[in-house]
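First comes the structure, then the notes that go with it.
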Amino acid sequence: MSQLHQAALTFIKNIGPSLAKSLVSYFGGAEEVFNAPRAKWMRVPGIGEKTVAQMDMSAALSRAEEELKFIEKHKIEAIFYTDSNYPKRLKNCNDSPVLLYSKGNANLNSQHIINIVGTRNATDYGKLLCRQLVEELQAYNVLVVSGLALGIDVAAHKECVKLNVPTVGVLAHGLDRIYPSQNRQIAEKMLDNGGLLTEYPSGTIPDRENFPQRNRIVAGIADATIVVEAGIKGGALITAEIANSYNRDVFAFPGRVGDAFSEGCNFLIRNNKAALLTCAADLAYILGWEKTDDTKPVVEQLMLPIDLSADERLIFEILQQHKTPLAIDDLTIKANMATSQLAMNLLNMEMQGFIRSLPGKTYRIS
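The sequence shown finishes on residue 365 if you use numbering that gives the first Met the number 0, and the numbering steps up by one all the way, no holes.
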């Protein structure tokens with residue numbers, strides 16, 4: 000049974016995710032890894048005599064059998080990294096887990112996925128930001144991921160449950176427990192619209208070193224990381240750093256100067272490790288998201304230029320004729336307008352919401 004071998008792969012001593020993927024690629028599958036002779040193992044890059052000597056294949060298979068019984072009993076899904084329902088964003092990360100254990104009904108490949116992270120000592124300000132953010136995200140068909148920790152994490156999960164926004168908690172332990180225990184009730188409610196996710200098998204306790212490992216899943220599974228409130232040290236900044244290493248967008252809400260629980264956010268913004276965020280609209284704008292209920296009629300778009308000057312109307316009409324965004328250099332030529340004059344008009348139109356600027360100094364109709 001291939002699922003048995005897929006699970007057993009994660010129980011082989013001294014074999015991490017990257018090496019496990021190399022083995023599957025080299026031998027052609029998880030089952031083939033276990034059927035290969037020891038001599039062939041020695042030819043795999045990264046595998047040495049010491050690793051081979053310490054391997055206990057029968058123990059790994061035995062432990063995997065126990066785990067399969069556990070997941071079947073508790074209706075948990077095991078997702079191997081080659082499965083079609085494995086999170087595609089996470090799969091692009093070189094250190095992504097080989098196997099994930101998922102409980103609930105979440106679509107881990109939703110169109111829009113963001114994670115919300117922050118301090119365990121959330122203030123009223125942080126909780127308010129969470130509430131406002133999730134309320135505004137409702138319109139964007141988004142899946143919200145966090146770590147089910149105390150503070151900002153659980154505040155985000157609770158707001159999602161309240162507003163029926165799908166939410167997933169990524170755990171630093173097995174699915175046979177909930178840590179911290181006071182979050183058990185909200186964790187159970189999350190199973191109705193979202194769920195729980197972990198790379199750790201049953202029996203794994205929430206050891207300190209598991210949390211930074213867990214954070215790479217939180218960062219890798221999402222389009223963007225949002226730091227709501229954070230001190231200068233802690234898991235939220237680790238998650239932001241990992242997200243940056245994956246070339247994912249990172250956003251942070253600014254806080255008051257001198258506020259201990261906003262120091263981390265202000266640090267990220269100051270050092271260009273996060274974009275400043277004031278509301279969900281900022282996020283949607285930068286990521287290019289459209290509202291799911293956006294049924295703005297075409298007639299309304301045609302009426303917008305009434306408020307524009309002659310130069311602005313010319314720019315608007317040029318952009319309207321092009322389905323793809325236009326670069327500022329092309330606009331200069333087509334509008335026969337000086338770059339400085341064009342830039343001023345573009346800024347004015349953008350401030351009024353008629354057009355949008357996109358990466359690479361390109362523009363399109365809003």
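Built from N, CA and C at the ideal position, the CB exists for glycine as well.
All values reported here derive from a predicted model rather than from experimental measurement.
| query | result |
| --- | --- |
| 7 angstroms Cβ shell around ILE156 - same chain, five flanking residues per side excluded | What sits at residue 156 in the sequence shown is His, not Ile. Once the five neighbours on either side are set aside, the close Cβ partners of HIS156 are SER145, LEU147, THR166, GLY168, ILE185 and MET189. |
| Residue from ALA273, ARG312 and LEU8 with nearest C-alpha to LYS236 | The amino acid occupying residue 236 in the given sequence is Leu; Lys does not appear at that position. Closest option to LEU236, Cα to Cα, is ALA273. |
| C-beta contact flag for ALA223 and ARG247 at 8 angstroms | yes |
| Neighbour flag for PRO358 against chain D, beta carbons, 8 angstroms | Looking for chain D here will not work: only one protein chain is present. |
| From GLY230, PRO200, LEU196 and ILE231, residue whose alpha carbon lies closest to that of ARG215 | LEU196 |
| 3-residue-minimum beta strand (DSSP E) runs that sit fully inside the segment 134-181, ordered along the chain | 141-145 and 166-169 |
| Among GLU48, PHE10 and HIS73, nearest to ASP175 - alpha-carbon criterion | HIS73 |
| Contiguous beta strand (DSSP E) assignments of at least 3 residues, all confined to the segment 61-142 | 76-79, 98-103 and 111-116 |
| Continuous alpha helix (DSSP H) stretch holding ASP329: start and end | 327-334 |
| Test item: CB-CB of LEU313 and TYR362 under 8 angstroms | no |
| Nearest-angstrom Cα separation, counted from ALA283 out to ASP329 | 26 angstroms |
| From TYR25, GLU64 and LYS49, residue whose alpha carbon lies closest to that of ASN13 | LYS49 |
| Distance cut-off 7 angstroms: LEU142 Cβ against heavy atoms of the ligand COA | As for the ligand COA, it is missing from this structure, which has no ligand bound. |
| Rounded separation between GLY103 and LEU170 - CA only | 14 angstroms |
| Straight-line Cα distance separating ALA105 from ASP191 | 9 angstroms |
| Distance CB(LEU18)-CB(GLY45) smaller than 8 angstroms | yes |
| Burial state of PRO296 (16 or more Cβ within 10 Å) | The predicted position of PRO296 is uncertain, since its pLDDT is 40 and thus under 50; a value taken from the coordinates is nonetheless stated next. Exposed, by the Cβ-count rule. |
| SER365 - DSSP class collapsed to helix/strand/coil | coil |
| Cutoff 8 angstroms; reference ILE75; Cβ partners in own chain excluding five residues on either side | PHE69, TYR100, SER101, LYS102 and LEU174 |
| For ASP310, three-class secondary structure by DSSP | helix |
| For GLU262 and ILE231, believed in contact at Cβ under 8 angstroms, the rounded distance | 4 angstroms |
| At least three beta-carbon pairs within less than 8 angstroms, the segment 26-45 to the segment 1-9 | yes |
| Secondary structure, alpha helix (DSSP H): runs of 4+ residues fully inside the segment 15-44 | 16-26, 29-34 and 37-40 |
| Rounded separation between ARG42 and PRO36 - CA only | 11 angstroms |
| Segment limits, beta strand (DSSP E) that includes LEU346 | Looking at the DSSP string, LEU346 is not in any beta strand (DSSP E); the run it does join, the alpha helix (DSSP H), is 338-351. |
| Pairwise C-alpha distance: ARG213 and LEU275 | 25 angstroms |
| Burial state of GLY257, where buried means 16 or more other Cβ atoms lie within 10 Å | exposed |
| Rounded straight-line distance, which links the Cα of GLU158 to that of ILE220 | 20 angstroms |
| 8 angstroms Cβ cutoff met for LEU89 and SER95 | yes |
| Candidates THR81, LEU107, TYR25 and LYS126, of which the one nearest ILE115 by Cα | LYS126 |
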